[in-house]
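Visitor:
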Amino acid sequence: MKAESSKVTKRRLSPETLELIRQRGLARAAGNRDITSKVAKQSRQAIKEDLKERRGTVMVEAAEAVKSIRKAR
Numbered sequence: 370m371k372a373e374s375s376k377v378t379k380r381r382l383s384p385e386t387l388e389l390i391r392q393r394g395l396a397r398a399a400g401n402r403d404i405t406s407k408v409a410k411q412s413r414q415a416i417k418e419d420l421k422e423r424r425g426t427v428m429v430e431a432a433e434a435v436k437s438i439r440k441a442r
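Start counting the sequence shown at 370; every next residue gets the next number (our numbering).
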């Protein structure tokens, strides 16, 4: 299985998660370690949740596709 690019991954993330990533970048650029650490932790958790939700959606779609293929036979 081929790894996906960061652009593809970002399309799968919620706007809230993308905002957290943006805030982390701003805090990092400002050199504020405390805020960077806190926002980084929040963004990692949000990314995990978004990708978990996406994975669940894909599994449901795959199951439905299998059902429709079997039904067509």
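The beta carbon of each residue, even a glycine, is placed where N, CA and C say it ideally should be. Just so we're clear, the structure is a prediction, and the values are computed from it rather than from any experiment.
1. I438 CB to nearest chain D CB: under 8 angstroms?
2. Pick out whichever of R393, A415, E433 and Q392 has its Cα sitting closest to the Cα of R381.
3. Cα separation between R424 and L395?
4. How is L382 classed by DSSP in three states: helix, strand or coil?
5. Using the three-state DSSP reduction, which class does R439 fall into: helix, strand or coil?
Guide: Let me spell this out:
1. You won't find chain D in this structure, because it holds only one protein chain.
2. Within the sequence shown, the letter at position 12 stands for residue 381. The option with the nearest alpha carbon to R381 is A415.
3. By one-based count along the sequence shown, residue 424 stands at place 55. By one-based count along the sequence shown, residue 395 stands at place 26. Roughly 29 angstroms between the two C-alpha positions.
4. Taking the sequence shown and counting its residues from 1, one reaches residue 382 at position 13. The answer is coil: DSSP assigns L382 none of H, G, I, E or B.
5. By one-based count along the sequence shown, residue 439 stands at place 70. Reduced to three states, the DSSP call for R439 is helix.
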